[in-house]
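Student: Per my numbering: the sequence shown = residues 123 to 409.
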Amino acid sequence: MLSYIFLILSIVLSVCKSGIYNKFAKSENPGIIEILLFNALSYGTVTALTLLLGGFGKISLITLVCAAAYAADVFSLQAISIAAMKIGPMSLTTMFVLYGMIIPSLSGPVFWGEPFGAAQAVGIALILLSVWLLCEPDGARNAIGRKWIAMAAICLLLSGMAGLIEKVHQMSAARNERISFIFTAGVIMFILSLAGRLLLIRRAKVGISHKGIVLGLVLGVIIFLYSRINLTLAGTLNSLIYYPVSNGGALILSVFVSAAIFREKLSVRKIFGAIIGLFAVVMLSVI
């Protein structure tokens, strides 16, 4: 029962993350330096929270390697997703990030012998159809160029790899080193952000507004909670339940947020694509 409560919290936090990314991209109009500063702020918050809540204990080589790989992956995903939302629609960018769940979902049956049947095959096919519909929404063709499509595809891959790394760690002997994983990843991402900032120090315009700082701090808290919950779920729920259901729920909420808060127009085609996507993740969850 507790796992499903965590699953609901994961869905809500996922949409909150996407909403903050979108808000920062639209309100700050950030360049690469501003994005790096925003990353450093949020990852620094994650690290500080870990220390304030008691720090971490044992850290094995498995945790160190997985955390480093996860840090590089999520660092890239956050920067590219912000840039994609800046030049394209939030709902579609979020959709591609969510559809990265195909990778860790399939890792269960491929690497750990979790069940996979006809329902799951149909679900994957429907997801591909849903993505196709959502990539060519009526009346929004001018918002989707080649650059955005490339960014969205990279986001899908990076998102999937993040889930896979979590799964690998939680299926290993180091599964109980969750806090150490989060702390190590947070420190590495903080360092990566500052290093990138220093490489571009010659640029005159730097800094983010007070509003951007607040968004970065809030995002750090969300990332800490989201990472803690997701690591637990990766090791306790079947991959073909956890990843599709969490991303499917976030899909519904993201469509609602896009329309209700960010005032993005939802065409019939986009709504139909979202419905198909939801049905697809339900099919994937049928064990």
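Glycine is no exception: its CB is placed at the ideal position from the N, C-alpha and C atoms.
Verify whether the separation of the beta carbon atoms of V137 and S376 is less than 8 Å.
Tutor: The answer is yes: Cβ separation under 8 Å.
Student: How far does the alpha helix (DSSP H) with W270 in it reach, from first residue to last?
Tutor: Segment R268 to Q292, the alpha helix (DSSP H) holding W270.
Student: DSSP three-state call for A422: helix, strand or coil?
Tutor: In this structure the chain extends from 123 to 409, so residue 422 is not present and cannot be described.
Student: Please state whether the Cβ-Cβ distance between C188 and I287 is less than 8 Å.
Tutor: Yes; because the gap between Cβ atoms is below 8 Å, this pair is in contact.
Student: Whose C-alpha, out of V343, L316 and G371, is nearest the C-alpha of I304?
Tutor: Comparing Cα positions, the closest option is V343.
Student: Does DSSP put R391 in a helix, a strand or coil?
Tutor: Note: R391 maps to helix in three-state DSSP.
Student: Whose C-beta lies closer than 6 Å to the C-beta of L131 among residues of the same chain, with five residues either side of it excluded?
Tutor: Here the set comprises I351.
Student: Does the Cβ of I266 lie closer than 7 Å to at least one heavy atom of the ligand FMN?
Tutor: Within the structure as shown, the ligand FMN is missing, as the structure has no ligands at all.
Student: Quick one: measure Cβ to Cβ for A307 and A382, integer angstroms, because I've assumed they're closer than 8 Å.
Tutor: No, A307 and A382 are not in contact; Cβ-Cβ is about 33 Å, not under 8 Å.
Student: Taking only the alpha-carbon atoms, compute the straight-line gap between I345 and K139 and give it to the nearest angstrom.
Tutor: So the two alpha carbons sit approximately 8 Å from each other.
Student: Count the other CB atoms within 10 Å of the CB of V390; is the residue buried (16 or more) or exposed (fewer)?
Tutor: So V390 ends up on the exposed side.
Student: Do the CB positions of F233 and L362 come within less than 8 Å of each other?
Tutor: Not closer than 8 Å, so no.
Student: From what residue to what residue does the alpha helix (DSSP H) around R385 run?
Tutor: Looking at the DSSP string, R385 is not in any alpha helix (DSSP H), and its letter there is neither H nor E.
Student: Tell me the rounded alpha-carbon separation between I181 and L171.
Tutor: Going from the Cα of I181 to the Cα of L171 covers about 18 Å.
Student: Could you compute how far the alpha carbon of I209 sits from the alpha carbon of I266?
Tutor: Each residue's alpha carbon lies about 8 Å from the other.
Student: Is the separation between the beta-carbon of N161 and that of M212 shorter than 8 Å?
Tutor: No, the Cβ-Cβ distance between N161 and M212 is not below 8 Å.
Student: Mind checking which residues open and close the alpha helix (DSSP H) that includes E150?
Tutor: Counting along the chain, the alpha helix (DSSP H) containing E150 begins and ends at L124 to E150.
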